[in-house]
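To start, the structure itself, in structure tokens.
Number of protein chains: 2
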Amino acid sequence: MIDQKSEPLLTEERTAELREAIELLFFSYRAFTRGPDQILEKRGLNRVHHRILYFVARQPGLSVNELLGVLEVSKQALHIPLRQLLSMNLVKNDKSKTDGRVRELRLTSAGKRLEARLTGTQLLQLDNVFAEAGSDAEKAWRKAMKLLATD
Amino acid sequence: MIDQKSEPLLTEERTAELREAIELLFFSYRAFTRGPDQILEKRGLNRVHHRILYFVARQPGLSVNELLGVLEVSKQALHIPLRQLLSMNLVKNDKSKTDGRVRELRLTSAGKRLEARLTGTQLLQLDNVFAEAGSDAEKAWRKAMKLLATD
DNA sequence: TTTTTTGGTCAATCATATTGACACATTATG
DNA sequence: CATAATGTGTCAATATGATTGACCAAAAAA
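Heads up: the protein sequence lines correspond to chains A and B, in order.
Each residue of the first sequence is one higher than the one before, counting from 1 in my numbering.
Each residue of the second sequence is one higher than the one before, counting from 1 in my numbering.
In structure tokens:
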């Protein structure tokens with residue numbers, strides 16, 4: 001068979017719809033990080049610091065290696081921002097009692113306050129979005145995002 | 001009145017749900033950029049280059065200033081990656097015929113091929129997600145993301 | 001003609017990431 | 001016990017990136 005047209009994987013129309021979805025992800029992610037980023041900037045901190053604070057808040061006592069795994073950054077890339085948070089007394093790293101090699105990361109009370117403030121803007125943002133979109137939309141959103149996150 | 005408990009804006013349970021949503025955004029965005037990032041890395045390019053290619057593909061002939069506005073980066077921060085794309089013959093910047101100051105950015109044919117390859121992984125990713133989640137979920141997802149993007 | 005806009009560039013500085021290496025204490029393994 | 005492996009902290013060298021502030025040229029608008 002010659003001159004056979006191969007079916008495109010996606011129609012032109014579908015491609016346009018999905019390109020819109022790509023842009024929604026881009027613009028919404030930027031809107032989503034804008035609030036915390038503004039707060040961080042005033043303290044000379046950035047997105048990495050928020051991520052550290054967030055995941056340490058979420059899982060107090062987590063080790064440096066575990067944090068590296070979640071964030072997917074190199075030890076050297078984590079080193080400086082983490083040291084800054086330690087020296088600013090926002091994070092503490094006490095020796096584990098069960099394994100003396102491991103440092104357990106925890107937020108100090110000041111760290112907890114900052115993390116709550118940073119993450120708080122995002123919580124309110126999402127709460128507003130879901131309140132307006134409806135709880136069915138929220139469920140559907142979570143379903144789609146879980147699929148996207150785990151592929 | 002003393003000792004009055006102020007109502008928290010969000011219940012503990014709701015906060016936990018919304019924290020999960022925060023993580024969904026974080027992990028899904030990372031999964032979403034992983035494909036293109038791997039392709040870009042082989043050529044010594046990064047996320048910024050993809051964004052330039054994407055928005056130039058989306059709106060051929062757009063000016064440097066318009067691109068700056070969309071990407072929300074400084075002229076100096078755009079300068080180097082854009083120049084790289086120009087010198088790699090992936091992007092061209094011809095003088096506008098109606099306004100000689102303005103350079104109209106367009107992809108070359110090689111630029112179109114690379115952009116299609118980069119964005120293609122994301123289109124397929126989203127197509128798969130929506131195929132599995134269902135079209136109602138897709139609609140709801142778009143609704144929520146639009147709200148998040150425009151707040 | 002003067003002013004403004006757009007585009008491009010430069011230099012200095014600072015921040016960050018990367019690679020590769022090393023030291024120390026602790027734990028696991030033979 | 002001796003050795004290997006692990007977790008952490010650090011360093012140096014390098015490369016890349018962003019930032020600030022300034023400047024110039026071309027073209028358009030006033």
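Don't be surprised by glycine CBs; every beta carbon is placed ideally from N, CA and C.
Note that this is a predicted model, so its numbers are computed, not measured.
Alpha carbon to alpha carbon, what distance is there between Leu86(B) and His79(B)? 10 Å
* **Met88(B) at chain A interface by Cβ criterion, 8 Å** => It does not; no Cβ of chain A falls within 8 Å.
If you reduce the DSSP assignment to three classes, tell me which class Val64(B) lands in. helix
With 16 as the cutoff for other CB atoms within 10 Å, does Pro36(A) come out buried or exposed? Flag for Pro36(A) reads buried.
Notebook entry, point to check: What residues in its chain sit with their C-beta under 8 Å from that of Leu71(A), if we drop five residues either side in the sequence?
Noted result: Val48, Arg51, Ile52, Phe55, Leu78
Nearest-angstrom Cα distance between Pro81(A) and Glu41(A)?
14 Å
| Along chain A, in chain order, which residues have C-beta atoms closer than 8 Å to that of Ile22(B)? | Listed by position along chain A, the residues whose Cβ is nearer than 8 Å to that of Ile22(B) are Tyr54, Thr119, Gln122, Leu123, Leu126.
Practice problem: Run the CB neighbour count on Leu28(B), radius 10 Å, all protein chains shown included, and call it buried at 16 or more, exposed below. | Solution: Inspection of the sequence shows that residue 28(B) is occupied by Ser rather than by Leu. Buried, since its Cβ has 16 or more Cβ neighbours within 10 Å.
Looking at the C-beta of Thr15(A), does it have a partner C-beta in chain B at a distance below 8 Å? yes
*asked:* I want to verify the contact list: residues of chain A whose CB lies under 7 Å from the CB of Ser28(B), in sequence order.
replied: Met145, Leu148, Ala149
Checklist entry - Just to confirm, are Val157(B) and Leu90(B) a CB contact at a threshold of 8 Å? => result The question about residue 157(B) has no answer here: the residues shown for chain B are numbered 1 through 151.
Hey, out of Asp151(A), Phe26(A), Val129(A), whose CA is closest to Ala144(B)'s CA? Val129(A)
Q.
Against chain A, with Cβ distances strictly below 8 Å, would Glu132(B) count as a contact?
A. yes
Would you mind giving the Cβ-Cβ distance between Leu62(B) and Ala31(A), rounded to the nearest angstrom? I have them listed as a contact below 8 Å.
-> With 8 Å as the limit, Leu62(B) and Ala31(A) do not qualify as a contact, their Cβ atoms being about 22 Å apart.
Could you list which residues in chain A have their beta carbon closer than 9 Å to that of Val73(B), in chain order? When 9 Å is used as the limit between beta carbons, Val73(B) is near no residue of chain A, the shortest such separation being about 11 Å.
Give me, in chain order, the residues of the same chain whose beta-carbon lies closer than 6 Å to that of Pro60(B); leave out the 5 immediate sequence neighbours on both sides.
Arg106
Could you tell me if Ala131(B) is buried or exposed, where buried requires 16 or more neighbouring beta carbons within 10 angstroms of its beta carbon? exposed
In this structure, does DSSP put Glu104(B) in helix, strand or coil? strand
So Asp94(A) is in the beta strand (DSSP E); what residue range does that whole segment cover?
Element bounds for Asp94(A): 91-95.
Extent of the continuous alpha helix (DSSP H) run through Thr119(A):
109-133
Quick check on Leu71(B): does DSSP put it in helix, strand or coil? Note: Leu71(B) maps to helix in three-state DSSP.
Open item on the list: Does the contact criterion of 3 or more C-beta pairs under 8 Å hold for the stretch 90-100 of chain A versus the stretch 17-27 of chain A?
Closed with: no
Exercise. Applying the criterion that 16 or more other CB atoms from any shown protein chain within 10 Å of the CB defines a buried residue, is Ala137(B) buried or exposed?
Worked result: buried
Worksheet item: Does Val129(A) come within less than 8 Å of chain B when only Cβ atoms are used?
Response: Yes - at least one Cβ of chain B is within 8 Å of the one on Val129(A).
Would you give the residue range spanned by the alpha helix (DSSP H) that Gly35(B) belongs to? 12-42
Is it buried or exposed, Glu115(A), if we count other Cβ atoms within 10 angstroms and call 16 or more buried? buried
If you count every other CB in all the chains shown that lies within 10 Å of the CB of Gln38(A), and 16 or more means buried, which is it? That one is exposed.
Pairwise C-alpha distance: Leu67(A) and Val73(A) = Their backbone Cα atoms lie some 9 Å apart in a straight line.
| What residue does the alpha helix (DSSP H) around Leu53(A) start on, and which one ends it? | The continuous alpha helix (DSSP H) containing Leu53(A) extends over residues 47-58.
Check your understanding: With DSSP run on the structure shown, which of helix, strand or coil describes Leu85(B)?
Key -> Leu85(B) falls in the helix class under three-state DSSP.
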